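Working notes, beginning with the structure itself.
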């Protein structure tokens with residue numbers, strides 16, 4: 001079933017050759033290669049700042065770092081700084097800040113969702129319980145602010161503080177749309193923008209800020225990150241109904257079982273008849289799940305083509321992300337950032 | 350029983366008349382009267398910054414604000430600023446920051462402890478569940494940083510970020526000493542200093558920082574707050590084994606039932622015989638609680654005089670707090686701050 005629902009091969013075949021070429025190189029490798037030295041430095045900053053005389057903090061933080069993750073957000077900061085021709089060192093610390101804020105959010109998110117898997121490994125809260133996850137999240141969040149205070153720029157601090165508040169608002173919004181089958185696409189997008197895209201936007205924007213580039217470039221990178229982040233989350237939510245667990249390191253069907261309403265369901269609810277809506281209400285609103293319900297859900301999503309359409313929506317935001325970089329002249333860094341967009345929308349492969 | 354364990358009347362009778370006079374005025378009223386206008390302004394800042402387009406955030410935040418609390422920490426910032434002769438407006442915003450950080454910690458602490466009561470009202474997590482408590486805590490924490498970024502001082506931001514990291518470390522440390530009957534008095538004090546006293550210290554220190562007073566005065570106020578905070582927590586932990594619920598707005602015996610090892614038990618474990626230690630291990634380490642166990646615990650604490658001695662230890666830190674203010678000339682603000690120390694150690698009455 002997973003093969004039928006993410007028909008990216010077809011989409012690829014329909015594209016012009018030039019874009020297909022870019023698509024074939026769609027991975028993080030280009031950006032990774034470009035910022036490899038900086039990324040090593042970021043990992044050093046992360047490791048240094050995870051240390052605490054309180055052993056449990058270092059242990060739990062090491063567990064998260066060992067689980068790894070792609071370091072996508074800090075790489076965006078490094079790539080954006082490179083795109084802006086920045087030659088200093090501030091981007092390294094700020095990339096670490098971005099990753100710390102992200103990690104703190106993950107820790108608190110795992111408590112909230114009670115998810116059993118994260119990045120293919122047991123979540124911290126499954127191993128240590130909810131308590132340390134909340135508190136170590138707070139610790140990492142505080143560390144992010146300590147690092148950015150040491151960086152010494154009130155503008156940067158303002159961006160990070162605003163972003164953190166937006167993230168929290170997004171997470172709370174998500175709680176209120178959870179289990180609500182009448183969630184609109186607009187409400188869904190608002191949640192996605194706040195809880196995911198805002199940090200992507202900040203990560204990219206900081207590259208222009210440290211390079212002291214004009215406002216238009218800062219805004220371009222913010223917009224690039226924002227649209228990339230929306231596309232990323234849209235694909236993520238589509239994959240929750242279609243990717244192999246081993247590939248994604250994430251359980252398929254989690255969102256369905258958690259009653260977390262995402263775009264595939266938002267669209268299917270609107271496109272469905274009354275009997276189908278009753279099904280979505282029973283399963284996702286009232287949480288009365290039976291054995292065959294996930295198969296039925298998949299059948300409905302497939303019939304209405306809503307997983308495919310969610311990916312299609314992601315392509316729209318991807319296109320906006322790419323165009324946002326238009327005012328930057330061609331460069332290795334620009335190519336690498338554009339490849340990230342392709343990667344984010346094509347990671348189902 | 351509660352009357353026997355906090356024998357402050359005797360202590361009072363033994364004190365010289367001058368100090369007794371101070372003790373009789375031991376309340377927050379003096380400080381409250383002195384900073385009333387500023388405190389109203391702080392409440393305004395708090396109300397403004399609790400607002401969010403996300404309704405659940407405003408609702409939950411309003412619940413916490415309605416529950417009220419003494420606003421002790423922000424009053425300390427206001428009082429310290431007054432003591433330093435500060436005539437500007439920055440102390441108002443920073444006092445609100447301090448209260449937001451405190452409230453965020455409370456929200457996360459309630460999730461952690463699963464306490465049923467806080468300030469005599471149902472805790473936020475009992476009403477809304479753990480999820481919103483974690484996320485609204487994150488929101489308030491971010492707001493604190495937004496406000497302090499707007500204040501515009503990197504020194505202040507550094508103090509707040511460092512304090513937030515210390516608070517988180519203290520909370521995690523507390524988890525690791527919880528249920529450990531062999532916790533030493535030193536380890537207990539370390540937890541108390543980090544999770545409670547550090548924020549008192551920052552609250553007071555900020556008064557000197559905004560007034561741009563010399564380092565010695567800043568250090569004096571930091572030390573005043575730190576020792577006051579330790580005394581405050583010591584009394585709080587003693588009261589958990591002895592105050593009437595209606596008076597304190599907190600369930601008696603919570604710490605015992607949660608297996609949270611505090612000084613009365615630390616001392617009783619060390620002073621007890623093997624049979625007593627087996628009792629503490631069974632109840633607080635293994636959590637095997639029977640009907641009569643709390644009465645037995647109270648009897649052991651009373652026999653070894655450890656509640657009384659915890660209060661006695663609090664007096665030691667109170668004395669240090671008072672002496673820390675020695676270099677400030679006599680003033681209304683100084684008297685008011687000294688009355689807070691008396692209030693904190695005498696609130697069992």
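Chains as they are written, first to last, in this note's numbering: chain A, 1 to 349; chain B, 350 to 698.
Heads up, the beta-carbon is just placed ideally off N, CA and C, and yes, glycines get one too.
Owing to the predicted nature of the structure, the values given are computational and were not obtained by experimental measurement.
Of all residues in the stretch 147-177 of chain A, the ones placed with a Cβ closer than 7 Å to any Cβ belonging to chain B are 149, 152, 154, 157, 158, 161, 162, 164, 165, 168, 169, 171, 172, 173, 175, 176, in chain order. Taken through DSSP and simplified to helix, strand or coil, residue 179 of chain A comes out as coil. Neighbours of residue 135 of chain A across chain B, judged by C-beta separation under 8 Å: 457, 461, 517, 520, 521, 524. Not a single unbroken stretch of the beta strand (DSSP E) spanning 3 or more residues falls wholly within the stretch 188-260 of chain A. For residue 256 of chain A, none of the residues of chain B pass the 9 Å Cβ criterion, the least Cβ distance being about 18 Å.
Residue burial is scored here from C-beta neighbours: residue 174 of chain A has at least 16 other C-beta atoms within 10 angstroms and is therefore classed as buried.
A Cβ-Cβ separation of about 5 Å places residue 390 of chain B in contact with residue 441 of chain B under the 8 Å criterion.
Judged by DSSP in its simplified three-state form, residue 628 of chain B adopts helix. For the stretch 406-423 of chain B, the residues whose beta carbon sits under 9 Å from a beta carbon of chain A are, in order, 406, 409. Taking 7 Å as the CB threshold, residue 449 of chain B stays off the interface with chain A. The alpha-carbon of residue 518 of chain B is positioned some 7 Å away from that of residue 139 of chain A. Your pair residue 680 of chain B and residue 432 of chain B checks out as a contact, with CB atoms roughly 7 Å apart and the cut at 8 Å.
With contacts defined as CB atoms closer than 7 Å, residue 178 of chain A and residue 70 of chain A fail to qualify as a contacting pair. Under the three-state reduction of DSSP output, residue 294 of chain A falls in the helix class. When C-beta distances to chain B are compared with 7 Å, every residue of the stretch 300-316 of chain A stays at or above that value. Under the 10 Å beta carbon count, residue 665 of chain B is surrounded by fewer than 16 other beta carbons and is classified as exposed.
When DSSP states are grouped into helix, strand and coil, residue 167 of chain A belongs to the helix group. Below the 7 Å Cβ cutoff, chain A contributes 108, 168 as neighbours of residue 487 of chain B, in chain order.
Selection A/107, A/214, A/142, A/153 evaluated against residue 483 of chain B yields A/107 as nearest (Cα-Cα). Cβ atoms of residue 201 of chain A and residue 229 of chain A come within 8 Å of each other, at about 6 Å.
The beta carbon of residue 690 of chain B lies closer than 6 Å to those of 577, 667, 670, 671 in the same chain, with the five residues before and after it left out. Close partners of residue 200 of chain A in chain B (Cβ separation under 7 Å) are lacking, with about 17 Å as the shortest Cβ gap. Taken in chain order, the members of the stretch 41-58 of chain A whose beta-carbon sits within less than 7 Å of a beta-carbon on chain B are 52, 54, 56, 57. Minimum Cα-Cα distance from residue 184 of chain A among the listed residues A/255, A/306, A/195, A/267 corresponds to A/267. Residues of chain A with a Cβ closer than 9 Å to the Cβ of residue 677 of chain B do not exist, since the nearest Cβ in that chain sits about 29 Å away.
For residue 491 of chain B, the residues of chain A that pass the 7 Å Cβ criterion are 161, 164, 165, 168, in the order they occur in the chain. A Cβ-Cβ distance of about 7 Å is found for the pair residue 686 of chain B and residue 380 of chain B, placing them in contact under the 8 Å criterion. Not a single C-beta of chain A is nearer than 7 Å to the C-beta of residue 573 of chain B. Residue 443 of chain B carries a helical assignment under DSSP once its states are collapsed to helix, strand and coil. Proximity of residue 494 of chain B to chain A, defined by a Cβ-Cβ separation below 7 Å, is satisfied. Separation of residue 233 of chain A and residue 58 of chain A (C-alpha to C-alpha, rounded to the nearest whole angstrom) is 30 Å.
Residue 265 of chain A: member of the alpha helix (DSSP H) spanning 263-271, first to last residue.
The DSSP-derived three-state label of residue 317 of chain A is helix. Counting only residues of its own chain and dropping the five nearest sequence neighbours on each side, residue 492 of chain B has a CB closer than 6 Å to the CB of 398, 449.
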